[in-house]
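Written below as structure tokens is the structure these notes are about.
Protein chains: 2
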Amino acid sequence: MNTSQVEQLALIFKALGDPTRLRILQTLRCCSPDVEIDEEGQCRPAGSLSVGEVCCGLDQAMSTVSHHLKELRIAGLIRTEKRGRWIYCSVNPEALEPIQAFLDGDCSPVPENALVRETAAPEPASTSVR
Amino acid sequence: MNTSQVEQLALIFKALGDPTRLRILQTLRCCSPDVEIDEEGQCRPAGSLSVGEVCCGLDQAMSTVSHHLKELRIAGLIRTEKRGRWIYCSVNPEALEPIQAFLDGDCSPVPENALVRETAAPEPASTSVR
DNA sequence: ATCATAATTCGAAATATGCAGAAATATCGT
DNA sequence: ACGATATTTCTGCATATTTCGAATTATGAT
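So the protein lines, in turn, are chains A and B.
Quick note: the first sequence uses the working numbering, first residue 82, plus one each step.
Quick note: the second sequence uses the working numbering, first residue 82, plus one each step.
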């Protein structure tokens with residue numbers, strides 16, 4: 082992982098590193114209707130909730146929820162689509178791929194300037210990855 | 082996921098949500114020798130690096146690295162073991178399990194007070210999870 | 001006992017974050 | 001055009017975070 086990849090991944094993790102945002106995501110994943118037309122004939126993207134719907138599942142001001150949704154959008158974790166007066170949010174499943182790659186142990190080129198020390202401390206054994 | 086589970090997960094994500102900490106983890110995962118004895122006869126836990134070794138792979142003050150290691154330790158992402166003058170750090174693979182569970186879509190009981198609204202906005206279709 | 005080294009803790013400065021209320025913007029229905 | 005509704009943006013404030021250097025603690029070597 083090069084520097085910008087690390088920073089990109091850190092951004093995703095940071096977006097997930099807040100209980101409110103995590104709850105928003107869970108709400109979107111678990112409470113979104115998977116049909117496009119509800120009983121009032123309203124049309125919405127499949128698997129999405131409006132900002133207000135997300136909001137009423139959480140005890141927080143709408144301005145706060147809106148702020149967190151923006152963070153999630155910037156991190157690429159959700160997508161939004163405006164339909165008339167409502168903005169519908171849905172999870173972007175692709176955004177979780179870098180996390181999976183990280184979990185699966187992406188041990189490529191190694192960070193900045195690896196392990197090169199001039200003084201002190203025992204050198205790691207020569208079998209180390211470098 | 083109940084409230085405390087969400088908060089626990091958020092803590093882990095928050096710990097991962099910093100480029101420096103991510104680099105530390107990658108250093109530990111990729112640069113730790115897997116043998117216990119190095120060429121100088123020094124003994125260390127398998128798959129570990131001393132704080133100084135971690136530090137010299139990153140352009141940051143040791144006090145900073147120490148601080149981040151503490152955060153990672155609190156989040157359960159790494160373990161540390163003191164041997165003489167050195168403290169050896171290694172990744173705790175179990176800590177990543179909750180993340181995997183999250184990725185695999187743990188859609189249990191749903192957050193706080195789900196989707197119960199009194200006014201406004203189209204109700205989600207009746208097929209929704211509730 | 002003294003010294004050098006490894007690491008943590010402390011203190012301070014700069015910056016970022018979470019939150020909510022008020023104002024602004026956009027859209028729909030009448 | 002007007003009022004109601006959905007959402008964002010702005011503003012202010014309290015709190016948290018990142019970072020470093022200096023002081024401190026712990027250990028091993030001489």
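We put the CB at the ideal spot given by N, CA and C, even for glycine.
All figures in this text were calculated on a predicted structure; none of them were measured in a lab.
Where residue i falls: helix, strand or coil (DSSP)
i: S147 of chain B; result: helix
i: S85 of chain A; result: helix
i: C111 of chain B; result: helix
i: C137 of chain B; result: coil
i: L130 of chain A; result: strand
i: S207 of chain B; result: Summary for S207 of chain B: the model assigns pLDDT 41, below 50, so the residue's position carries little reliability; its value from the coordinates is reported in the next sentence. In this structure, S207 of chain B counts as coil in the three-state DSSP scheme.
i: P192 of chain B; result: Confidence is the limiting factor: at P192 of chain B the pLDDT is only 46, short of 50, which leaves the residue's position unreliable, though a coordinate-based value still follows. The answer is coil: DSSP assigns P192 of chain B none of H, G, I, E or B.
i: T101 of chain A; result: helix
i: V197 of chain B; result: Note that V197 of chain B has pLDDT 44, beneath the 50 cutoff, so the model's placement of it is unreliable and no number is given.
Rounded distance between the beta-carbons of residue j and residue i, thought under 8 angstroms
i: L150 of chain B; j: C124 of chain B; result: 21 angstroms between Cβ atoms; not a contact.
i: G186 of chain A; j: G98 of chain B; result: Not really, about 19 angstroms apart at Cβ, beyond 8 angstroms.
i: A127 of chain B; j: D140 of chain B; result: Not quite, the Cβ-Cβ distance comes to about 27 angstroms (not below 8 angstroms), so this is no contact.
i: A96 of chain A; j: A156 of chain A; result: 4 angstroms
i: I105 of chain A; j: L184 of chain A; result: About 22 angstroms; that fails the 8 angstroms criterion.
i: A182 of chain B; j: I93 of chain B; result: Not confirmed; about 11 angstroms, so no contact.
i: N173 of chain B; j: R164 of chain B; result: With a Cβ gap of about 18 angstroms, N173 of chain B and R164 of chain B do not count as contacting.
i: L103 of chain A; j: V87 of chain B; result: 5 angstroms
i: M143 of chain A; j: Q107 of chain B; result: Not confirmed; about 39 angstroms, so no contact.
i: I214 of chain B; j: I180 of chain A; result: With chain B represented from 82 up to 211, any question about residue 214 of chain B goes unanswered, as that position is not in the structure.
Segment limits, beta strand (DSSP E) that includes residue i
i: E162 of chain A; result: 159 to 164
Range of the contiguous alpha helix (DSSP H) that encloses residue i
i: L177 of chain B; result: Here L177 of chain B belongs to no alpha helix (DSSP H), and DSSP marks it neither H nor E.
Residue i CB to nearest heavy atom of the ligand GTP below 7 angstroms
i: G133 of chain B; result: In the structure shown, the ligand GTP is absent, as is every other ligand, since no ligand is present at all.
Can you pull out the residues from the stretch 96 to 110 of chain B whose beta carbon lies closer than 7 angstroms to at least one beta carbon of chain A?
L97, G98, D99, P100, L103, R104, Q107, T108, R110
Looking at C-beta atoms only, is the number of pairs between the stretch 123 to 138 of chain B and the stretch 128 to 137 of chain A that lie closer than 8 angstroms three or more?
no
Could you please tell me which residues of the stretch 140 to 169 of chain A, in chain order, have their CB closer than 8 angstroms to any CB of chain B?
D140, W167
Please identify, using Cβ separations under 9 angstroms, the residues of the stretch 171 to 186 of chain A that lie next to chain B, in order along the chain.
L177, I180, Q181, F183, L184, G186
Where the stretch 125 to 141 of chain A meets chain B: residues whose CB sits under 8 angstroms from a CB there
R125, L130, S131, G133, E134, C137, G138, L139, D140
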